[in-house]
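Undergrad: Counted from 1, the sequence shown has number 109 at position 108 by the working numbering; the numbering is strictly sequential.
Backbone N, C-alpha and C define an ideal beta-carbon position, used for all residues, glycine too.
A quick note: this is a predicted structure, and the numbers were derived from the prediction, not measured.
Would you mind keeping the following structure in view while I ask a few things?
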Amino acid sequence: MNVLIIGSGGREHALAWKAARSPRLTKLYIAPGNAGTSSCGENVAVDIHDHDAVIHFCRRKQIDLVIVGPEMPLAGGLVDSLSAEGIHSFGPKQAAAQIEASKVFAKDFMTRHYIQTARYAAFTHLEEAIRYLKSVDRPIVIKASGLAAGKGVILPGTFEEAKSTLENIFVERTFGDAGNQVVIEERLSGQEVSLMAFTDGITIVPMLPAQDHKRLLDGDEGPNTGGMGAYAPAPVFTKAMMKEALETVLKPAIHGMRMEGNPFVGVLYAGLILTGAGLSVLEFNCRFGDPETQAVLPLLETDLLDIAEACVNQTLADVDIRWRNGAAVCVVLAGKGYPEKAESGRMIEFAPLPENAVCFHAGTKPENDRVLTSGGRVLGLTAWAGDIASAIDTVYSNVTKVSFDGMNYRRDIGQRALEGLK
């Protein structure tokens with residue numbers, strides 16, 4: 002198979018790394034890729050938002066399968082354009098991608114299909130939102146409805162903070178058009194779990210549950226980020242919870258999409274919170290999570306290309322998806338200044354890693370014979386082992402194998418899992 006992966010982050014490097022291990026792979030291209038993906042295949046300078054350019058490339062290189070990584074091209078209808086030309090694409094079409102691209106759509110969809118989620122209200126005007134704020138006597142979360150690169154969720158501590166947040170979104174346009182609509186919802190408490198699932202629009206196969214670490218600093222302190230690390234599987238998420246999530250979240254979501262005429266094909270990501278009253282959905286994403294993918298894919302034994310092809314062909318029920326025993330941990334190595342404004346252009350030095358570890362590139366770029374930083378989350382160092390404690394030990398004992406000026410990372414990724422096993 003000739004395969005094209007769309008994207009340039011850590012998630013796409015993990016996808017490329019896994020795809021490169023398939024015996025079915027003939028040639029792998031990544032558009033535009035990063036300094037790490039070039040070790041898995043060929044990076045190509047194709048504008049992923051120019052659908053005609055992507056189609057032309059696929060025709061020229063006889064691409065058999067396109068795997069779309071990021072949410073923006075999915076929300077922009079890239080899969081629709083490719084499918085219209087008969088090019089097989091792994092990922093949801095634009096109408097189905099609304100489940101992530103519009104938080105208002107997602108909340109209304111969950112209400113229609115009786116999927117448990119926090120109480121909420123949606124607004125398009127500042128004054129209405131502030132009036133609602135004054136009537137709320139419980140902790141809240143404010144979310145920009147559109148795509149905001151994982152940064153559109155704010156947890157204000159006071160009324161003044163909440164008011165200031167709304168003013169920033171509506172007046173200062175902090176999130177641009179992503180903030181045209183705002184969701185204010187009840188803040189739930191409990192541990193969060195990321196549950197991704199492969200689906201062909203009918204059959205649903207959950208992946209291993211993972212836990213992400215959103216806060217910048219140890220102990221879940223500091224500002225929210227796109228994710229500072231992840232581990233899988235999450236011991237807190239029991240087999241009973243998995244069954245509950247499948248029956249009350251994943252199946253109703255996929256069935257609901259199909260019933261509404263928007264069949265969902267690809268990866269559905271459910272951001273769950275384990276409350277005292279049971280599972281509740283914080284959000285849906287229309288693609289692999291980042292950095293959860295970097296912790297989950299190293300544990301996947303089944304050929305990723307077999308799974309992706311089966312999803313596109315609606316034959317997922319025929320695929321036996323198997324997972325490696327043990328656990329994996331990914332620690333994000335971020336640049337100085339992240340998540341506000343990270344420094345870039347710093348040279349990265351690498352030393353060899355053991356066989357059970359890999360360094361996924363995210364914000365990197367090649368320059369001559371060097372690799373430079375080019376984003377906030379620069380790398381994701383991942384290790385896997387027979388148990389979570391060993392995976393944690395391996396990943397942290399190898400952090401010193403990677404270095405760049407200003408590198409920072411959390412030192413407690415996975416500790417929640419160890420506490421849960423006591």
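In the DSSP assignment, find the unbroken beta strand (DSSP E) run with residue 197 in it and report its ends.
TA: For the purposes of this step, residue 197 is identified with residue 196 of the sequence shown, where counting begins at 1. Here the beta strand (DSSP E) through residue 197 covers 192-200.
Undergrad: Taking the alpha helix (DSSP H) that residue 18 falls in, what are its first and last residues?
TA: Here residue 18 refers to the residue found at position 17 of the sequence shown. 11-20 is the extent of the alpha helix (DSSP H) around residue 18.
Undergrad: Cα separation between residue 393 and residue 415?
TA: By 1-based counting over the sequence shown, the position of residue 393 is 392. By 1-based counting over the sequence shown, the position of residue 415 is 414. Cα-Cα distance, rounded: 7 Å.
Undergrad: Give the range of the alpha helix (DSSP H) segment to which residue 425 is assigned.
TA: Since the first and last residues shown for the chain are 2 and 423, residue 425 lies out of range.
Undergrad: Taking all protein chains shown into account, do 16 or more other C-beta atoms lie within 10 angstroms of the C-beta of residue 24, making it buried, or fewer, making it exposed?
TA: The count along the sequence shown starts at 1 and reaches residue 24 at position 23. Its Cβ having fewer than 16 others within 10 Å, residue 24 is exposed.
Undergrad: Taking all protein chains shown into account, decide if residue 374 is buried (16 or more other Cβ within 10 angstroms of its Cβ) or exposed.
TA: Translated into positions along the sequence shown, residue 374 becomes position 373. Flag for residue 374 reads buried.
Undergrad: Name the two residues that bound the continuous beta strand (DSSP E) containing residue 28.
TA: One-based indexing of the sequence shown puts residue 28 at position 27. Counting along the chain, the beta strand (DSSP E) containing residue 28 begins and ends at 28-33.
Undergrad: Just list the beta strand (DSSP E) runs in the region 90-126, keeping only unbroken ones of 3 residues or longer that don't cross its boundaries, in chain order.
TA: Counting only runs of 3 or more, we get 121-124.
Undergrad: With DSSP run on the structure shown, which of helix, strand or coil describes residue 59?
TA: The residue labelled residue 59 in the question sits at position 58 within the sequence shown. It is helical.
Undergrad: Measure the Cβ-Cβ separation of residue 79 and residue 206 and say whether it is below 8 Å.
TA: Sequence index remark: in the sequence shown, residue 79 carries index 78 (1-based). Sequence index remark: in the sequence shown, residue 206 carries index 205 (1-based). No. Outside cutoff.
Undergrad: Helix, strand or coil for residue 341, going by three-state DSSP, please let me know.
TA: Translated into positions along the sequence shown, residue 341 becomes position 340. Looking at residue 341 - three-state DSSP - the assignment turns out to be coil, as it is neither helix nor strand.
Undergrad: Report the rounded CA-to-CA distance for residue 329 versus residue 172, giving the unit in angstroms.
TA: Locating residue 329 in the sequence shown gives position 328, where the first residue counts as 1. Locating residue 172 in the sequence shown gives position 171, where the first residue counts as 1. If you take the alpha carbons of residue 329 and residue 172, they lie about 43 Å apart.
Undergrad: Can you check which of these residues, 372, 296, 347 and 368, is closest to residue 385 by C-alpha distance?
TA: Along the sequence shown, one-based indexing puts residue 385 at 384. Selected option, being the one with the closest Cα: 296.
Undergrad: With a floor of 4 residues, list each alpha helix (DSSP H) that falls wholly inside the region 196-275, ordered by position along the chain.
TA: Runs found: 240-246 and 252-260.
Undergrad: Give me, in chain order, the residues of the same chain whose beta-carbon lies closer than 6 Å to that of residue 349; leave out the 5 immediate sequence neighbours on both sides.
TA: Looking up residue 349 in the sequence shown gives position 348. Within the same chain, residue 349 has close Cβ partners 372 and 405.
Undergrad: Evaluate the contact criterion for the region 59-71 versus the region 12-23: three or more CB pairs, one atom per stretch, below 8 Å.
TA: As far as the Cβ criterion goes, the region 59-71 touches the region 12-23, which means the pair count is three or higher.
Undergrad: What residues in its chain sit with their C-beta under 7 Å from that of residue 333, if we drop five residues either side in the sequence?
TA: Position 332 of the sequence shown, counted from the first residue, corresponds to residue 333. Counting only Cβ-Cβ distances below 7 Å, and skipping sequence neighbours, we find 228, 229, 230, 292, 378, 381 and 410.
Undergrad: Indicate whether residue 338 and residue 364 have their beta-carbon atoms separated by less than 8 Å.
TA: Within the sequence shown, numbered from 1, the residue matching residue 338 stands at position 337. Within the sequence shown, numbered from 1, the residue matching residue 364 stands at position 363. Their beta carbons are not under 8 Å apart, which means residue 338 does not touch residue 364 by this criterion.
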